[in-house]
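Before any comments, here is the structure.
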Ligand code: DI6
Ligand code: FE
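As structure tokens, then:
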């Protein structure tokens, strides 16, 4: 029972009162505790529950008044490509005039155009370009972010992107998980030689990223305009040799069996899934692979086929939601906007959407101590000036963030 965990509670660093908790524990909607309280000690949640049950013996150096708002776990954006240089606004115009995303990619534009700009950029340039994107996520209560490489596509430039991702997040004190996505597109110098490029990825880029401790996971783009299932398989085998977890951009524009392939390798997540088949969803459920839904890309590409949300629910697959922040298909730096789009475009409930950026996003990253307001979890908290947690998904363009606590440190409070 919430509030029943009462070990030695005497000294805490801080306690939050006059607040409703969206603990995100399963069982009741949002795991809500209306008149709640939450105590923090040593950067971790030491107590969470109904205020009436708060142990009398509890003393906290600091008492924070939540002013009647809602407290949620810090938000987690579990799929971004936010480190890149350049812009794809011209390509946006081309698409509005009728060119398809695939046409542009096949003509050597698309991802490859961002690769050229990114290769030409120094680490300092990339840091400067990426900082505002990270800053807008943080301004919406994000306390953990995943960042992929994938716009370098050679050894030096892929490592450069991962280094910038680590440096950026260290500078802002936000937790990052870096993902090596060298198998994002075939670089121009390997045109027509995709298998040779995959050999470079497997034999050189993955091992080097591991040696330099720059990658926490490995991703690949499984698509007709990118890499085949057979090529992805080689990448995943190489990742597994290095004991790195895998995830996959799967079945976004066509059904290549990506969901089942991800599940076969025990992927933490399979992302997009617009075109996934029922067999793939069942395989994901069995493997515990999280479905990461990316409504920004669906919207921006004006896709016609939403991901099979009913099928994911029926199969019991956990659903996360993320920005997919990238210059080509989702130039989005708002997690709150993604909550709204996950509801309006994909039919998630506001509660499912919030789970998607808290507990299920944590699962997608293998971050088992994040995403819930529970004893022992890292004390990453967001306070919202809302009367109902559904307002986070409901209000378009609003940002009701009122307070933020990261690892028990109060960064902002009303
Ligand atoms: N994520 C990706 O990596 C690609 N699509 C997606 O949703 C494309 C990124 C790009 O065009 O730059
Ligand atoms: Fe992506």
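Residue numbers (my numbering): 1 to 414.
Ideal Cβ placement from N, Cα and C applies to all residues, glycine included.
Please name the residue, chosen from the options, that lies closest to residue i on a Cα-to-Cα basis.
i	options	result
residue 312	167, 346, 392 and 300	346
residue 96	117, 109 and 300	300
residue 371	121, 277 and 31	31
residue 210	363, 239 and 107	239
residue 416	280, 60 and 272	Past the boundaries of the shown model lies residue 416; the chain is included only from 1 to 414, so the question cannot be answered.
residue 119	139, 132, 386 and 160	160
residue 107	192, 123 and 76	192
residue 207	117, 158, 258 and 248	158
residue 110	187, 126 and 49	187
residue 123	156, 136, 141 and 135	156
residue 26	406, 358, 399 and 65	358
residue 263	288, 362, 244 and 58	288
residue 78	402, 302 and 249	249
residue 182	143, 115 and 351	115
residue 65	18, 153 and 57	18
residue 391	349, 323 and 167	349
residue 355	334, 384, 393 and 377	393
residue 74	310, 100 and 362	362
residue 337	303, 153, 56 and 141	141
residue 409	125, 387, 378 and 229	378
residue 385	365, 70 and 223	70
residue 380	42, 29, 62 and 130	42
residue 13	20, 68, 62 and 189	62
residue 343	307, 189, 147 and 368	307
residue 339	60, 398 and 368	398
residue 298	341, 201 and 152	341
What is the residue span of the beta strand (DSSP E) that residue i lies within?
i	result
residue 221	217-222
residue 232	From DSSP, residue 232 is part of no beta strand (DSSP E) but of the alpha helix (DSSP H) over 229-241.
residue 12	11-22
residue 406	401-406
residue 59	59-65
residue 269	269-272
residue 146	142-148
residue 360	Counting along the chain, residue 360 falls outside any beta strand (DSSP E), though it belongs to the alpha helix (DSSP H) covering 359-364.
residue 381	381-384
residue 133	Counting along the chain, residue 133 falls outside any beta strand (DSSP E), though it belongs to the alpha helix (DSSP H) covering 123-138.
residue 420	Since the displayed the chain opens at 1 and closes at 414, residue 420 lies outside it and no answer follows.
residue 73	70-73
residue 388	From DSSP, residue 388 is part of no beta strand (DSSP E); its letter is neither H nor E.
residue 411	409-412
According to the neighbour-count rule (16 or more other Cβ atoms, all chains shown, within 10 Å of its Cβ), is residue i buried or exposed?
i	result
residue 231	buried
residue 327	buried
residue 396	exposed
residue 374	buried
residue 171	exposed
residue 11	exposed
residue 23	buried
residue 212	exposed
residue 56	exposed
residue 302	exposed
residue 401	buried
At a cut-off of 6 Å, is residue i close to ligand 1 when judged by its beta-carbon and the heavy atoms of the ligand?
i	result
residue 111	yes
residue 114	yes
residue 333	no
residue 329	yes
residue 32	no
residue 297	yes
Are there any heavy atoms of ligand 2 lying less than 6 Å away from the beta-carbon of residue i, as far as the coordinates show?
i	result
residue 324	yes
At what residues does the alpha helix (DSSP H) containing residue i begin and finish?
i	result
residue 120	111-120
residue 94	89-96
residue 338	335-344
residue 157	155-172
residue 198	194-200
residue 49	Per DSSP, residue 49 belongs to no alpha helix (DSSP H); it is in the beta strand (DSSP E), 44-50.
residue 284	278-287
residue 419	Beyond the ends of the chain as shown, which are 1 and 414, falls residue 419; an answer cannot be given.
Within a Cβ cutoff of 7 Å, which residues of the same chain sit near residue i, ignoring the five residues on either side of it in sequence?
i	result
residue 162	149, 178, 180, 209, 214 and 215
residue 260	279, 280 and 283
residue 294	79, 271, 272, 322, 324 and 330
residue 333	133, 136, 137, 323 and 325
residue 105	111 and 225
Ordered along the chain, which non-local residues of its own chain (more than five positions away) have a Cβ less than 6 Å from that of residue i?
i	result
residue 54	37
residue 316	285
residue 121	85
residue 265	236 and 246
residue 35	51
residue 6	Residue placement at residue 6 is poorly supported in this model, since its pLDDT is 47, which falls under 50; the coordinates still yield a value, given next. Excluding positions up to five away in sequence, the list reads 55.
residue 411	404
residue 101	301
For residue i, which residues of its own chain have a beta-carbon under 8 Å away from its beta-carbon, when the five flanking residues on both sides are left out?
i	result
residue 275	251, 252, 253, 254, 255 and 305
residue 4	For residue 4, the predicted model reports a pLDDT of 45, less than 50, meaning its position is unreliable and no value from the coordinates is stated.
Counting only C-beta atoms, is residue i closer than 7 Å to chain B at any point?
i	result
residue 161	Here there is only one protein chain, and chain B is not present.
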